[in-house]
Structure formats: structure tokens, C-alpha cells
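Quick notes on the structure that follows.
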Amino acid sequence: GYGDAQQAELKETIEASGADTVVIGTPIDLGTLLELEIPSTRVFYDLEERPGPDLGDVAKLIES
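First residue of the sequence shown: 4, per this note's numbering; consecutive thereafter.
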């Protein structure tokens, strides 16, 4: 979880971003936890891992 200092820092960072709204895709509802002053919406998703190149393979392609 997030400690009090981490929560305060994260809230400050999000609110200083200049964003009009925040899309929250974390397992916990950060908008409620942090009591954000800017509008936020929570999204949900399912993750299906598929075989394929990993990040290292992609980096090699970019470097070449």
C-alpha cells in the first residue's frame, strides 16, 4: 500500500500535472483514497498475456 507521505506526494504530483481529468486504472480507487481535487474516473480492464516479443526484444529492434 501507499504510506501517508507517498499518498501526499502522489496527490500533489497528480494535481500539479495540469490535467483536466485523471483516468485511474489501478487496482485501488486512487481518486477516493487521495481525495483528488480534480475530476477522475476509474477504468477496469482484463489482461490476457500472449506469447510474443518481450521488452528486451522490442528494445533491440528499436536500437537496430
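We put the CB at the ideal spot given by N, CA and C, even for glycine.
Applying the 10 Å Cβ sphere with the 16-neighbour rule, what's the burial state of L33?
buried
Under 8 Å, with one C-beta from each stretch per pair, do the segment 34–41 and the segment 9–18 reach the 3-pair mark?
yes
Cutting at 7 Å between CB atoms, please list the residues of its own chain near G28, excluding the five before and the five after it.
V46 and Y48
Per-residue DSSP class, three states only, for T16:
helix
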